[in-house]
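In what follows, a single structure is set out as C-alpha cells and then discussed.
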Amino acid sequence: MEPTAHVRIRHSGRILARAAEVFGSREGAERWLQTPSPALDRHRPIDLLRTRRGRTLVETLLARLDYGVYV
30 MEPTAHVRIR HSGRILARAA EVFGSREGAE RWLQTPSPAL DRHRPIDLLR
80 TRRGRTLVET LLARLDYGVY V
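Here the sequence shown is numbered in my numbering, starting from 30 and rising by one per residue.
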C-alpha cells in the first residue's frame with residue numbers, strides 16, 4: 030500500500046535535503062531532480078518520487094553519487 034500524501038511529502042523533503050548535501054546547494058539539488066538521469070533509465074528523479082520503489086531508487090542513486098560509485 031502506498032503511503033498518504035503527507036508521508037510522500039515528508040519523504041520527498043528528506044530526499045531534497047539529501048540531494049542538497051550531495052550537490053552542495055538546494056539549487057543544484059532541484060536542477061538534478063528535474064534532469065533525466067541515465068542511471069534511472071532516463072527518468073527524472075522528481076518523477077520517481079511518486080512511488081516507494083521510485084524513492085528507493087533515487088535514494089540509492091544519491092548514496093552512490095555521494096560515495097563516488099560509478100553510475
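The beta carbon of each residue, even a glycine, is placed where N, CA and C say it ideally should be.
Beta carbon of residue i nearer than 8 Å to that of residue j
{"i": "S41", "j": "L78", "result": "yes"}
Coarse secondary structure for residue i, derived from DSSP in three states
{"i": "S41", "result": "helix"}
Where residue i falls, given that 16 or more other Cβ within 10 Å makes a residue buried
{"i": "R71", "result": "exposed"}
{"i": "V98", "result": "exposed"}
{"i": "I44", "result": "buried"}
{"i": "R84", "result": "buried"}
Integer Cβ distance of residue i from residue j, believed to fall under 8 Å
{"i": "A49", "j": "A58", "result": "4 Å"}
{"i": "L94", "j": "V51", "result": "5 Å"}
{"i": "T64", "j": "R73", "result": "6 Å"}
Residue-chain proximity (residue i, chain B), Cβ-Cβ < 8 Å
{"i": "S54", "result": "The structure shown contains no chain B, having only a single protein chain."}
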